[in-house]
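Trainee: Attaching a single structure in structure tokens format; questions to follow.
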Amino acid sequence: MLSPLVNISRTMDINYINDDQQIDRKKVASFCEPDTGMPLAELEYTQAILTYDVTLMATDKATMSLMCNSLGARLRLMTGTQFEATTHLVRVPVPLICSIQDAKEVGFTDVSAPIGEERIYATQAPISVITDVITAWELDAKRIITETSISMG
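If you're matching positions, the sequence shown starts at 1 in the UniProt record's numbering and goes up one per residue.
Here's what the structure looks like:
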């Protein structure tokens, strides 16, 4: 008998939102030259929605039911849907404010294999997360042109 499995994967979709949830934040912070303190880049934040697929798998219906109920109840009973994650931008840790969209509402879709002798039951639930997207704008940009040529023969 296989142990129950939970798999979380992110789709490649990214949906920039119209900021009804939170306004864009411009010139929030900057990267500075360590020796002189001169600002090198300013950071701006906007928001996007990332979609994750949570897949639950089990070899029997009772375990599958318990897993669905546990995850659904956990999301439904959350007191807050906002959390903070840390990412690295130019090797500097930067906090991201995130929130689970529609956390009180989760639906599972049956993605089980067809009926067979050793059937594995599977369900999948999409979870959408609203997260910050950081853009670093260089303050003192320099245009560099490199010319190359090739000769045949």
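Where a beta carbon is used, it is the ideal one built from N, C-alpha and C, also for glycine.
Do you know offhand how far Pro114's Cα is from Tyr121's?
Mentor: One C-alpha to the other measures close to 9 Å.
Trainee: When we look at the beta-carbon of Phe83 and count the other beta-carbons within 10 Å, is it buried (16 or more) or exposed?
Mentor: exposed
Trainee: Helix, strand or coil, according to DSSP, for Lys104 in the structure here?
Mentor: coil
Trainee: To which residues of the same chain is Ala125 closer than 6 Å at the C-beta, ignoring the five residues directly before and after it?
Mentor: Val54, Val106 and Phe108
Trainee: What residues match up with Ile8 in a beta bridge as DSSP calls it?
Mentor: Val54
Trainee: Apart from the five residues on each side of it in sequence, which residues of its chain come closer than 8 Å, Cβ to Cβ, to Cys98?
Mentor: Gln82, Phe83, Glu84, Ala85, Val129, Ile130, Thr131 and Asp132
Trainee: Taking 8 Å as the threshold (C-beta atoms), are Val111 and Phe31 in contact?
Mentor: no
Trainee: What is the DSSP secondary structure of Leu66, counted as helix, strand or coil?
Mentor: helix
Trainee: With DSSP collapsed to three states, give me the class of Leu40.
Mentor: Assigned with DSSP and collapsed to three states, Leu40 falls in strand.
Trainee: Using the Cα positions of Arg74 and Val94, report the straight-line distance between them to the nearest angstrom.
Mentor: Cα to Cα, the separation comes out at about 28 Å.
Trainee: Find the nearest neighbour of Tyr45 within the set Thr87, Asn69 and Thr135, judged by alpha-carbon distance.
Mentor: Thr135
Trainee: In the DSSP assignment, the beta strand (DSSP E) including Ile127 goes from what residue to what residue?
Mentor: Tyr121 to Glu138
Trainee: Measure from the alpha carbon of Val6 to the alpha carbon of each residue in Ser70, Gly116, Asp13 and Thr87, then state which is nearest.
Mentor: Considering only alpha carbons, the answer is Ser70.
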